[in-house]
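Here is the structure we will look at, set down as C-alpha cells.
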Amino acid sequence: MLQLQTIRENKESIITALKKRNIDAAPMIAAVIELDEKRRSIQTELDGILAESNKLSKEIGLLFKSGKAQEANALKEKTAGLKETSKQLGDDLNATAAALQEQLYLIPNVPHTSVPAGNSDADNEEVFREGDIPTLFEGAMPHWELAKKYDIIDFELGVKITGAGFPVYKGKGARLQRALISYFLDKNTAAGYTEMQVPHMVNEASGYGTGQLPDKEGQMYHVQADDLYLIPTAEVPVTNLHRDDILAESDFPIKYTGYTPCFRREAGSYGAHVRGLNRLHQFDKVEIVRLEHPNNSYQALDEMVEHVKNILRELKLPYRILRLCGGDLGFTSALTYDFEVFSTAQDRWLEISSVSNFETFQANRLKLRYKDENGKSQLAHTLNGSSLALPRVLAGILENYQTENGIKIPDALVPYCGFELID
RNA sequence: GGAGAAAUGGCAGAGUGGUCGAAUGCGGCAGUCUUGAAAACUGUUGAGGGUCACACCUCCGGGGGUUCGAAUCCCUCUUUCUCCGCCA
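In this note's numbering, the protein residues as written are 9 to 431.
What follows is the structure in C-alpha cells.
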C-alpha cells in the first residue's frame, strides 16, 4: 500500500511510473485524493464538535460538584444535539476511511526506475547468465518420466489421497527433498540469516500485512471454520513477525530464513507447463526475508541476488537472472529479479527463485516502522526471496544430471543425501 | 470440551465514573559530577490523526452499548493464566 502523503506529494510521478505496469492509475489516484480530502474535512468538523462536547462535560462535572444541579442540567440539554451530530459524523468518517482504504488497496507498488517497460514475461530483461548447459545423451527424459522410471515421485498416489498437484516423494526422492531443505537452510544461516520455524497457517491480518489479501484472495486455501489461510509462501508468516513493530535503526538488518511447505490454489492453471513438478498446489520452499533501512535496501537486494547465485553455482546448474518488466512485476514489488534454471530435457527455463524489494509497500500495511535519528517514525523496507524453491530445483537436477546409469547427485548435496546416484 | 481469573505505555504494575493519556519502579535518552566509566542526582521518554507551527481530536486487547462524561459499568468476540477432562 502506498502512503497517502506520498500520493499527495507525488501524484504525477506515481501515475507516470505506474504506466510501466500498463495501467492508467490517474482515476484511482484521483479517487484517493478526493476521499482523503473528504476524510480530513469530516475529521476536522468532528474534532471541533468533540472538543466542544468534552468542554461541556467538564463544566457539567464541576457544576454538579459545586451543587449547581440546575445549571448542570441546562448544559446537559445542549450536549444532546452535539451527540447526535458527532454520531453521524463518526459514521461518515468511518465509511469514508473504509472507502479510502479500499481504494488504496487497489493501487500496486510503484516500480523502481530500473524496471523495464513491457507487457509480459517476454519483455523481461536478462541481466546475467551462468553455467554450462549439458549435452544430454540420446533418450534423455523430462523429470516426470525420470520420477516414474526411478520411482522417486508418485503423482498418481498424490491424486489418490489428495488431488492433482500434491505429489508424493518416495525413497531417494524424499531423501533428496530433505537434503535440499537442509542444504539451503545451512547456506542461508551461514550467510547470517536466522532460521525460523513458523506456522503454516496465518490469520487475515497477516494476509493483509504482506499483500496477499485482498489482491490474491483466490490464490490461498482458506480454512473457513477457523478463518485461517494456508500460507502460499513463508514470506507471509515471517514478514508478519514484525507487524506493528517500531524498531531502532540499530536493529537493522534483520535477516530471517525459514523452510515451509507452500500452498497455492493456482486457479485457472492448465496445460503442458503445469506437468510434473512445474506447478503444484503444495510444494516446499526455503525463503529468505530481510527488513532494512531504506538507505540500504537496494544493496541488500543485490546481496540476496549474489547469495542465490552462489548456491546455484555450487549446485552447478545453468541459470539466468531476469529483471522483471512492469507487466510481469508482482503487485507489491518495486523491483524483482527472477532466477531461472535451464531444463535441458524440457528445453525451457524454469523459475526457481524470485528476489524482490517491496520498499515501504508492505511495511505501510504492516505498520512496520523504525525510529530515525530525529526520533521520528519511518517505514522500514522489506525484501524477500526464495533460497530456494524445491520442485523446480529438483526438476533441474533430475533433468540436467541424468546419465544412462542413473541420476548423479550434485557434489554439494552428497553429504546431505548419503548417496551419489539415484538408480 | 467444562469451571474460574485476567488483558493498562519497551517491561513490571497502580488506577473501579469527571481533576487520567494514565501513579510508581525498571529500562531508554539528555545533562550534572568524573581524566573516562560506574554510582548518585536532575530532566526527559507511548502511538496515530490534524496544523506552517500551535490548538484540537482518537487510542488503556478488538467490536458494540449505557452516561452530559468510561481505563473504570454492561454486552460480545479474541487471547492469556489456573484447575478438571482429553491427547501427539
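We put the CB at the ideal spot given by N, CA and C, even for glycine. Because the structure is a prediction, the values reported are computed rather than measured.
Of the candidates TYR201, GLN205 and GLY215, the residue whose Cα lies closest to the Cα of LEU238 is GLY215. Taking 9 Å as the cut-off, the beta carbon of GLU314 is found no closer than this to the beta carbon of HIS151. Residue range 163-169 is occupied by the alpha helix (DSSP H) that includes PHE163. Within the same chain, Cβ atoms closer than 8 Å to the Cβ of VAL135 are found at ILE329, LEU330, ARG331 and TYR345, the five residues on either side in sequence being excluded. Counting only runs of 3 or more residues that sit fully inside the segment 226-310, the beta strand (DSSP E) segments are 236-238, 254-256, 262-271 and 290-300, in chain order. Judged by their CB atoms, ARG16 and LEU108 are not nearer to each other than the 9 Å cut-off. ALA397 is bridged by DSSP to LYS293. Considering only SER341, ALA198, ALA403 and PHE163, the residue with the shortest C-alpha distance to GLN185 is ALA403.
Distance between LEU97 and GLY89, taken at the CA atoms: about 12 Å. Within the DSSP bridge table, the entry for ILE430 names ILE415 as partners. In summary, VAL294 is buried, with 16 or more beta-carbon neighbours lying within 10 Å of its beta-carbon over all protein chains present. By a beta-carbon distance limit of 8 Å, VAL123 does not contact LEU10. Their separation comes to about 16 Å. Nearest to ASP431 by alpha-carbon distance, out of PRO418, ASP419 and THR411, is THR411. For PHE339 and THR218, the gap between their C-alpha atoms comes out near 11 Å. SER305 counts as buried, since no fewer than 16 other beta carbons sit within 10 angstroms of its beta carbon. If you draw a 10 Å sphere on the C-beta of GLN307, you find fewer than 16 other C-beta atoms in it, and that means exposed. Around the Cβ of SER395, a 10 Å sphere holds 16 or more other Cβ atoms; the residue is buried. ILE22: member of the alpha helix (DSSP H) spanning 19-26, first to last residue. Looking from the CA of GLU381, the closest CA among GLY173, ARG400 and LEU255 belongs to LEU255.
For SER122, there is no enclosing beta strand (DSSP E), as DSSP marks it with neither H nor E. MET149 carries a coil assignment under DSSP once its states are collapsed to helix, strand and coil. In the DSSP assignment, SER364 is bridged to THR344 and ASN392. Looking at GLU257, PRO261, HIS230 and THR52, the one whose alpha-carbon comes closest to that of ARG272 is HIS230.
Around LEU101, the same chain offers ARG47, ILE50, GLN51 and LEU54 as residues with beta carbons nearer than 8 Å, after the five sequence neighbours per side are excluded. Assignment of beta strand (DSSP E) within the segment 54-105, counting only whole runs of 3 or more residues, yields no such run.
In the structure shown, LYS379 adopts extended strand secondary structure according to DSSP, grouped into three states.
Here VAL316 carries a helix assignment [DSSP, helix/strand/coil]. With a cut-off of 8 Å on Cβ pairs, the segment 363-371 is not in contact with the segment 164-174, counting fewer than three such pairs.
If you look at PHE192, you'll find it in the alpha helix (DSSP H) that goes 180-198.
Put simply, the backbone Cα of MET204 is about 6 Å away from that of THR265. Under the three-state reduction of DSSP output, PHE174 falls in the coil class, being neither helix nor strand. When C-alpha distances from ASN30 are compared across GLY147, LEU154, CYS333 and ALA103, the shortest belongs to CYS333. A straight line joining the alpha-carbon of PHE347 with that of TYR113 spans about 28 Å. The three-state reading of DSSP puts GLN11 in coil, since its state is none of H, G, I, E or B.
By the neighbour-count criterion, in which a residue is buried when 16 or more other Cβ atoms sit within 10 angstroms of its Cβ, ASN365 is buried. For ARG29, there is no enclosing alpha helix (DSSP H), since its DSSP letter is neither H nor E.
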